[in-house]
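Engineer: Protein sequences appear in the order of chains E, Y and W. As numbered in this note's numbering, residues 67 to 212 make up the first sequence, in order. As numbered in this note's numbering, residues 439 to 900 make up the second sequence, in order. As numbered in this note's numbering, residues 453 to 925 make up the third sequence, in order. The C-beta atom is built at its ideal place from N, Cα and C for all residues, glycine as well.
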Amino acid sequence: MPVDQPQMVIRKGFNGSPHRENKFMARILVIEDDDHIWKIIQYKLKSENHEPIWANDGLKAMKILEEIRPDLIISDIMIPYMDGLQILEEIKMKDELKDIPVIMLTSKAQEKDIVKGLQLGAQDYMTKPFSPAELLLRVNNALKLI
Amino acid sequence: MDFPKYWELVSYLKIDNSILRFISEQVFFPFNKHFQEYPVITVLIFCVLLVIGFTVFLFIWVIHLRLKLNRYQKLKARKFAVWEQNLFPLIIDGADISTIIKTIKRSEYELFGEFITPYLNDTKGDSLTRMVGILREIGVAERERRKLKHSNSARRRALAVQRLGVFRDPNNIKDLVKALHDKEIPVVLNAAGALLKMGDPRLLKKVASILLQNELITEELFAEALLKFEESIDLESLLTQKIDRYPMFSRFQIINLIKQITRAESGPNLINRLKNSKKVVSSILEDEDLAEELLEEIIFQYQNNESVDLEKILNKKEKKYSISSRIKIIDFIGYMKRVEGAPVLIDLLRESKSDEETISLIKALGNLEAQESIPLLLNRLKSKHPVIRAQAAKALGALRDERAMKYLLRLLEDRDWWCRFHAASSIYHMGEAGKECLQTFLNSTKDPHAKGIIVQFLSKSQ
Amino acid sequence: MTSIDQITLALLHFIRFSNYFITGYFVFINTVYLFMLLAAFSSIKKYSQHIQSMEMRNFFLSPFAKPVSLIVPAYNEQATIVGSVKSLLQLQYPSYEIILINDGSSDNTLEKLIISFNLIKTKNVFRKQVPCQNIKGIYESSTYSNLIVIDKVNGGKADALNAGINISKYPLICCLDADSVLESDVLIKIVRPFIEDHTTVAAGGSIRIANGCEIFAGKINKIGLPKSLLGKFQVMEYLRAFLAGRMAFSLINGLIIISGALGIFKKNKVIEVGGYHTSSVGEDMELVLRLHARLREKKEPYNITFIPDPVCWTEAPENLKVLGLQRKRWQRGLLESLLGNKKMLFNPKYGIIGLFAYPFFLIAEGLSPVIEVFGFLLFFVSWHYNMVAYPLLYLFILATIVLNILLTIGSIILEEMTYRRYPDTSMILKLIGLSFVEVFLYRPLMVWYRLAGLFQYFSGKKGGWGEMVRKGF
Chain E
67 MPVDQPQMVI RKGFNGSPHR ENKFMARILV IEDDDHIWKI IQYKLKSENH
117 EPIWANDGLK AMKILEEIRP DLIISDIMIP YMDGLQILEE IKMKDELKDI
167 PVIMLTSKAQ EKDIVKGLQL GAQDYMTKPF SPAELLLRVN NALKLI
Chain Y
439 MDFPKYWELV SYLKIDNSIL RFISEQVFFP FNKHFQEYPV ITVLIFCVLL
489 VIGFTVFLFI WVIHLRLKLN RYQKLKARKF AVWEQNLFPL IIDGADISTI
539 IKTIKRSEYE LFGEFITPYL NDTKGDSLTR MVGILREIGV AERERRKLKH
589 SNSARRRALA VQRLGVFRDP NNIKDLVKAL HDKEIPVVLN AAGALLKMGD
639 PRLLKKVASI LLQNELITEE LFAEALLKFE ESIDLESLLT QKIDRYPMFS
689 RFQIINLIKQ ITRAESGPNL INRLKNSKKV VSSILEDEDL AEELLEEIIF
739 QYQNNESVDL EKILNKKEKK YSISSRIKII DFIGYMKRVE GAPVLIDLLR
789 ESKSDEETIS LIKALGNLEA QESIPLLLNR LKSKHPVIRA QAAKALGALR
839 DERAMKYLLR LLEDRDWWCR FHAASSIYHM GEAGKECLQT FLNSTKDPHA
889 KGIIVQFLSK SQ
Chain W
453 MTSIDQITLA LLHFIRFSNY FITGYFVFIN TVYLFMLLAA FSSIKKYSQH
503 IQSMEMRNFF LSPFAKPVSL IVPAYNEQAT IVGSVKSLLQ LQYPSYEIIL
553 INDGSSDNTL EKLIISFNLI KTKNVFRKQV PCQNIKGIYE SSTYSNLIVI
603 DKVNGGKADA LNAGINISKY PLICCLDADS VLESDVLIKI VRPFIEDHTT
653 VAAGGSIRIA NGCEIFAGKI NKIGLPKSLL GKFQVMEYLR AFLAGRMAFS
703 LINGLIIISG ALGIFKKNKV IEVGGYHTSS VGEDMELVLR LHARLREKKE
753 PYNITFIPDP VCWTEAPENL KVLGLQRKRW QRGLLESLLG NKKMLFNPKY
803 GIIGLFAYPF FLIAEGLSPV IEVFGFLLFF VSWHYNMVAY PLLYLFILAT
853 IVLNILLTIG SIILEEMTYR RYPDTSMILK LIGLSFVEVF LYRPLMVWYR
903 LAGLFQYFSG KKGGWGEMVR KGF
């Protein structure tokens, strides 16, 4: 499976295309600067028929969010240019983005960031190292609630 | 070319010498015919050729290095792509392990190790188990064990230990514990991480005790190492470390126990009660012989003299590193906000005679927001040591108890800048009552420093 | 013998002695540098291995990271100041504060800062622990809680640094230049020595030349060589000075200079020695010498170390006039620092600093322009009149030209074998090629500037900083 480079997906409008049937196919924005983690997440999400989009830093993430509205966001906290918590704050202030569920991806030592993230309105969080199966459960859980 | 004129210019270089002549005649005899009179020229030509040759060699060497690097990187990229293609179906979908094994040649084992390490660090659960399975198949464990035993390079040993840790194999424990005593810190820390990943609480205790005794490991390195224990760390294993002669925090339990007994009994009844408490004491100390020895000494003292200095008996054999080791544990409890450790820290603060330890304790109690420590902190506001006063003021701010306000106010006129700062900050952050309090004090105080620091905070609300 | 003959004889003896001396001087200095280069090879490899084995990546997430106060003096930097501060705000480190000091700029530096970062003037009080000029205002940013800007009366860089020290609240201070471009993991790397060894009191970083590199939003995207010849020569010079030179000095705990573009100190020790000397021109070296002196006098075990990783990139002057001003100033600063601490010279109380590092710096850098110029001239004159024995001549050429070229090439190779930051092979080849002409073109220029700086110092000039026109990133 070829690895995607972070691209600008210029597609306006809401959720998945109508021709995909069966499962609920979601567009998921993954904000993560570690490409290994991205590859794992990308593979797992793709194997469940979701559509993962990669942003490897804060600025790219915000640019993408100006163009499209993903169904879910998975975001690391320590990323270049704008950290995950700042992005979360920005998202929650914008009407068209504030209802998107956000899953924070943090490292074990960043306890206070987890608390802050949940306070800002993140749906859920996962600590690294993470289990891809567990990630999928949380993703599906978050998607069910919208 | 007009030869004679050329030679006139060059005649300036008419330095003669037998060595030069010798070199010119013997080594450069082809040229010597033409430049017989000017042996220095032949040597000059030789030098020029040497320089050119050297430069060309360097250029070639650098280009060769770069090409080698490029080739290696291309190979790496190719192999990594192949392995990625095969890895994810295996670890995420549970495909057959033999597919990926077939793609790894013997000579590529190290490279594969490099490839898979980030994924090993990032995942857990089934995916991790399957990756470890691959490594087991290609015999990584054996090779790393060998490297650990024989490698002279600290980095290689540290890497070997790190890789062994991935297997979480109890068979490796012996080798890993040996590595804990390595003289290089990276190896020790990685060994600690490898052992802690196994999740066994007994190992946690053992690892902690070895790290505590290692003077090269600072408080920060100690705490970072312990974080590798993925489950939650049971404080008992830290608090029962034998830092002095007796397990670190058990001494208070013993002191309390003996005090209870002496309050209830006296005379021969007391001696009997003490003798009967041997079982309890040995369970606290986790050491029967030590318990017996201790009780004998206490009983002996009581038989000769009614008032017994328990602290003195317990302090008899304090080890050199005990304070710094206690501080490592105190700092850890504070950083990780383990509130269940608060009672122990409070006991320690009550008894502590070391300034350094007191400061660590106050910081930790502030982090834990332990309300019961307030009386002790208020007491410490009067300490002679300015850092203790300042840290106590800071901790009281974290506890946000308005009772502390009037004591903190006194600190606003302290000589030390940090005392004033933390006192003002703590009062300010207690809310409206605090701000009013500051305002009142501002009007009544004559101390310009106090006025200054209060204004700094009050102006923030505007 | 007539008196004229006697004088002539004495003169001849003197010239002969001078020739031997100058040759010996170069042989000694360059051999020492050569040893340092070799030592640097092994110690950089060792340092890199140490870092790799410690899994650096996780450590910046550590809650136990020691908080750092960044102290950044700025004077008339309106073109680049906002960009610089923005890049400082993005460093990967859990807790740090940025203290920017506006040293009485005559342009719009302060105004730009106030607007870009929503600065509000506070009524903060501070303790004057080290001397500095009057502080007119302390501003805090309402958008970035860790940004503080100090507005003060002009006093020079050292004075501004002291003001920053007075305001800083953390135990570690990191002194920077306003135009340094830092890599995002710089704080992790440079704080590491303090965590691993509690006796560390100071650490210096390696400085690289940013000219020719592509810089976007305060980060280096692509590394390149400066376009101008002068720039390329400076690249080689910095490689030699930092990679080969300082690493070796740090090994023997004889590092007496930490660059003002990136240096980190334990605040309480800096305050103990009285902070920076506000009138000094070479304040960075001056402080480090005083730290050495003080700690050795107290017989306190300490460690001053050096981080060879390329973490700091700075803009170098590419025109002769500004370069000249800079080098003259450096020479004045060097002499001032050295001569201000004369007590250390050959004094065994100061250990390896007094017995080796200090004297070496004095003759290899401080007084070198005088020695080199007069020694060279005399040698050339005496050679012209056939007064020089040819073995001496060859040794002289070997020591000055050949060894020099070897040292420059050696440091380029060192870079190639350790960090290899220059992506194109042609860049390294260009540098190697230029090494052959560096000793004929660049070094004489440097000797000239240094000589001018030396004269300026002894004639009591208190030069200014010289305005470097910021091109902006």
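(1) Closer than 7 Å, Cβ to Cβ, to anything on chain E: give me those residues from the segment 546-567 of chain Y, in chain order.
(2) For E/V69, collect the residues of the same chain with a Cβ closer than 7 Å to its Cβ; drop the 5 residues on either side in sequence, then sort them by chain order.
(3) Could you give the distance in angstroms between the alpha-carbon of Y/N524 and the alpha-carbon of E/A92?
(4) Kindly indicate if chain W contains any beta-carbon less than 9 Å away from that of E/M144.
(5) Label W/D631 either buried or exposed according to how many other C-beta atoms from any shown protein chain fall within 10 Å of its C-beta, with 16 as the threshold for buried.
(6) What does a CB cutoff of less than 7 Å around W/F694 pick up in its chain, not counting 5 residues either side in sequence?
(7) Taking 9 Å as the CB-CB limit, is W/K721 close to chain Y?
(8) Under 8 Å Cβ to Cβ from E/S197, same chain only, skipping five residues before and after it: list those, please.
(9) Look at E/L18 and E/E114 and say whether their C-beta atoms are less than 9 Å apart.
(10) Note down, one range per segment and in chain order, each beta strand (DSSP E) of at least 3 residues found wholly within the segment 564-602 of chain W.
(11) Just curious, the beta strand (DSSP E) that W/L743 is in, first and last residue?
(12) According to DSSP, simplified to helix, strand and coil, what is Y/R711?
(13) Can you tell me which of Y/L695, Y/S798, Y/F526, Y/N742 puts its alpha carbon nearest to the alpha carbon of Y/K716?
(14) Mind pulling the alpha helix (DSSP H) runs of 4 or more residues that sit fully within the segment 810-873 of chain Y?
(15) Along the segment 144-169 of chain E, what residues have a CB closer than 8 Å to any CB found in chain C?
(16) Does any residue of chain Y have a CB that is nearer than 9 Å to the CB of E/P118?
(17) In whole angstroms, what separates the C-alpha of Y/P915 from that of Y/W856?
(18) If you measure from the beta carbon of W/S593 to each beta carbon in chain E, is any gap under 9 Å?
(19) Could you give the residue range of the alpha helix (DSSP H) that holds Y/R776?
(20) Would Y/I538 pass as an interface residue toward chain E - the criterion being a Cβ-Cβ separation below 9 Å?
(21) Any beta-carbon of chain W closer than 9 Å to the one on Y/T541?
(22) Kindly indicate if chain E contains any beta-carbon less than 9 Å away from that of W/S636.
(23) By the criterion of Cβ-Cβ separation under 8 Å, what are the contact partners of Y/Q894 in chain W?
(24) Is E/Y191 helix, strand or coil by DSSP?
(25) For a contact meaning CB atoms closer than 8 Å, what does W/L881 contact in chain Y?
(26) Of the residues that make up the segment 198-211 of chain E, which ones have a beta carbon closer than 9 Å to any beta carbon in chain Y?
(27) Considering E/N206, what are the terminal residues of the alpha helix (DSSP H) in which it resides?
(28) Is there a C-beta anywhere in chain W that falls below 9 Å from the one on Y/E658?
(29) Among W/E767, W/R784, W/G697, W/L691, which one has its Cα closest to the Cα of W/I864?
(30) Could you name the residues that DSSP lists as bridge partners for W/A526?
(31) Considering W/F685, what are the terminal residues of the alpha helix (DSSP H) in which it resides?
(32) Does the distance from the C-beta atom of Y/G603 to that of Y/A646 stay below 9 Å?
(33) What residue from Y/E734, Y/Q691, Y/L566, Y/L627 has the CA that sits closest to Y/R711's CA?
(34) In chain order, what residues of the same chain lie with their CB nearer than 6 Å to the CB of E/N88, ignoring the 5 residues before and after it?
(35) My assumption, with CB atoms under 8 Å, is that W/I823 sits in contact with W/Y477. Please give the rounded CB distance.
(36) Give the straight-line distance between the Cα atoms of E/M67 and Y/K517, rounded to the nearest whole angstrom.
Structural biologist: Quick answer:
(1) Listed in sequence order: P556, Y557, N559, D560, T561, K562, G563, D564, S565.
(2) Along the first sequence, one-based indexing puts residue 69 of chain E at 3. Here E/V69 scores only 43 on pLDDT, less than 50, and its place in the model should not be relied on; the value that follows carries that caveat. Closer than 7 Å at Cβ, skipping near neighbours: K105.
(3) One-based indexing of the second sequence puts residue 524 of chain Y at position 86. One-based indexing of the first sequence puts residue 92 of chain E at position 26. One C-alpha to the other measures close to 25 Å.
(4) Translated into the one-based positions of the first sequence, residue 144 of chain E becomes position 78. Cβ-Cβ to chain W under 9 Å: yes for E/M144.
(5) Position 179 of the third sequence holds residue 631 of chain W. Buried is the call here.
(6) Counting from one through the third sequence, the residue named residue 694 of chain W turns up at place 242. Cβ within range, chain order: S658, I659.
(7) To locate residue 721 of chain W, count along the third sequence from 1; it is residue 269. The C-beta of W/K721 comes no closer than 9 Å to any C-beta of chain Y.
(8) In the first sequence, residue 197 of chain E corresponds to position 131, counting from 1. Residues of the same chain with a CB within less than 8 Å of the CB of E/S197, apart from the 5 flanking positions on each side, do not exist.
(9) Since the first residue of chain E shown is 67 and the last is 212, residue 18 of chain E is not available in this structure.
(10) Annotation: the segment 564-602 of chain W contains the following complete segments of the beta strand (DSSP E) (minimum length 3 residues), in chain order: 571-574, 587-593.
(11) Locating residue 743 of chain W in the third sequence gives position 291, where the first residue counts as 1. From DSSP, W/L743 is part of no beta strand (DSSP E) but of the alpha helix (DSSP H) over 735-749.
(12) Within the second sequence, numbered from 1, the residue matching residue 711 of chain Y stands at position 273. DSSP, read as helix, strand or coil, puts Y/R711 in helix.
(13) As a working mapping, residue 716 of chain Y is identified with position 278 in the second sequence. Ranking the options by Cα distance to Y/K716, first place goes to Y/L695.
(14) The alpha helix (DSSP H) runs lying completely inside the segment 810-873 of chain Y and spanning 4 residues or more are 812-818, 824-837, 843-849, 855-866, given in chain order.
(15) Absent from the structure is chain C; the protein chains it does hold are E, Y and W.
(16) Within the first sequence, the letter at position 52 stands for residue 118 of chain E. For E/P118, the answer is no, since every Cβ of chain Y falls outside 9 Å of its Cβ.
(17) What the structure shows of chain Y is the stretch from 439 to 900, and residue 915 of chain Y is not part of that stretch, so it cannot be assessed.
(18) To locate residue 593 of chain W, count along the third sequence from 1; it is residue 141. The beta carbon of W/S593 does not come within 9 Å of any beta carbon belonging to chain E, so the residue lies off that interface.
(19) For this step, residue 776 of chain Y is matched to residue 338 along the second sequence. Element bounds for Y/R776: n/a, residue is neither H nor E.
(20) Here the question's residue 538 of chain Y lines up with position 100 in the second sequence. No, because no Cβ of chain E sits closer than 9 Å to the Cβ of Y/I538.
(21) For this step, residue 541 of chain Y is matched to residue 103 along the second sequence. No, its Cβ sits nowhere closer than 9 Å to a Cβ of chain W.
(22) Translated into positions along the third sequence, residue 636 of chain W becomes position 184. At least one CB atom of chain E sits nearer than 9 Å to the CB of W/S636.
(23) Sequence index remark: in the second sequence, residue 894 of chain Y carries index 456 (1-based). T574, K575, N576, V577, listed in chain order.
(24) The sequence position of residue 191 of chain E within the first sequence is 125, counting from 1. If DSSP states are grouped into helix, strand and coil, E/Y191 belongs with the strands.
(25) Numbered from 1 along the third sequence, position 429 holds the residue referred to as residue 881 of chain W. Below the 8 Å Cβ cutoff, chain Y contributes F497, V500, I501 as neighbours of W/L881, in chain order.
(26) If the cut-off is 9 Å between Cβ atoms, the segment 198-211 of chain E has P198, A199, E200 near chain Y.
(27) In the first sequence, residue 206 of chain E corresponds to position 140, counting from 1. It spans 198-210 - the alpha helix (DSSP H) in which E/N206 sits, taken as one unbroken run.
(28) Against the second sequence, residue 658 of chain Y aligns to sequence position 220. So, interface residue.
(29) On the third sequence, position 412 is the one that residue 864 of chain W refers to. Taking only the C-alpha atoms, the option nearest W/I864 is W/L691.
(30) On the third sequence, position 74 is the one that residue 526 of chain W refers to. For W/A526, DSSP records a beta bridge to W/N554.
(31) Position 233 of the third sequence, counted from the first residue, corresponds to residue 685 of chain W. Its alpha helix (DSSP H) spans residues 681-690.
(32) Along the second sequence, read from residue 1 onward, the residue named residue 603 of chain Y stands at position 165. Along the second sequence, read from residue 1 onward, the residue named residue 646 of chain Y stands at position 208. Against a cut-off of 9 Å, the Cβ pair of Y/A646 and Y/G603 comes out as no contact.
(33) Here residue 711 of chain Y is taken as the residue at index 273 of the second sequence, counted from 1. With distances taken between Cα atoms, Y/R711 lies closest to Y/E734.
(34) Your numbering for residue 88 of chain E matches position 22 in the first sequence. With a pLDDT of 41 at E/N88, under the threshold of 50, the modelled position of that residue is not reliable, and no figure is offered here.
(35) Taking the third sequence and counting its residues from 1, one reaches residue 823 of chain W at position 371. Taking the third sequence and counting its residues from 1, one reaches residue 477 of chain W at position 25. Yes, they are in contact, since the Cβ atoms of W/I823 and W/Y477 sit about 6 Å apart, within 8 Å.
(36) On the first sequence, position 1 is the one that residue 67 of chain E refers to. On the second sequence, position 79 is the one that residue 517 of chain Y refers to. Because E/M67 carries a pLDDT of 38, less than 50, the predicted location of this residue cannot be relied on, and the following value inherits that uncertainty. If you take the alpha carbons of E/M67 and Y/K517, they lie about 14 Å apart.
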